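Encoded as structure tokens, the structure appears first; notes follow it.
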Amino acid sequence: MGAAKALAETFWDIQMNGSHAELLPLFAEDAVFEDPAIGRVEGKPAIAKLLAHLDKLFADNPPQFEVREIAGGETVAWSRWVWKRPQNDVEGVGLYEVKHELFTSYRDIFEVPEGI
């Protein structure tokens, strides 16, 4: 199994069973985190701040996901996922670039639901 695919699988295991802050060790110091609802966040300190904010935001109602696919190789991986919401499900794709077994780029692609 490639390093990027393995890291993406670890990411989703934490995402579905832990806190957002537990994801921080998966990111390189100069990593970039991109999400259409959040925007672009650069660098591990800024990513740490974002993940802590997400833990507070979702403390009483953690997001529920279904992972449909995780694939990739040594330096690039992707996932197809569904954010299960009472109002409506949101389908998305995650793209991951990896160097030295850490994310250097994490990008989610999905249509942002109203009210977020």
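Just so we're on the same page, our numbering is the position in the sequence shown counted from 1, plus 7. The C-beta atom is built at its ideal place from N, Cα and C for all residues, glycine as well. No experiment lies behind these values; they were computed from the predicted model shown.
Around F40, the same chain offers V48, I54, L57, Y113 as residues with beta carbons nearer than 7 Å, after the five sequence neighbours per side are excluded. Beta-bridge partners of I116 (DSSP): V100. Note on A66: under 16 other CB atoms within 10 angstroms of its CB, so exposed under the neighbour-count rule. With a 10 Å radius around the Cβ and a threshold of 16 neighbouring Cβ atoms, I77 comes out buried. Rounded to whole angstroms, the gap between the alpha carbons of G99 and A15 is 15 Å.
Sequence-distant Cβ neighbours of Q71 in its own chain, meaning closer than 7 Å and more than five residues away, are K91. When C-alpha distances from E108 are compared across D20, I21, D62, L33, the shortest belongs to L33. In this structure, the beta-carbon distance from V74 to R87 falls below 9 Å. Secondary structure of T111 (DSSP, three-state): strand. Under the three-state reduction of DSSP output, A35 falls in the strand class.
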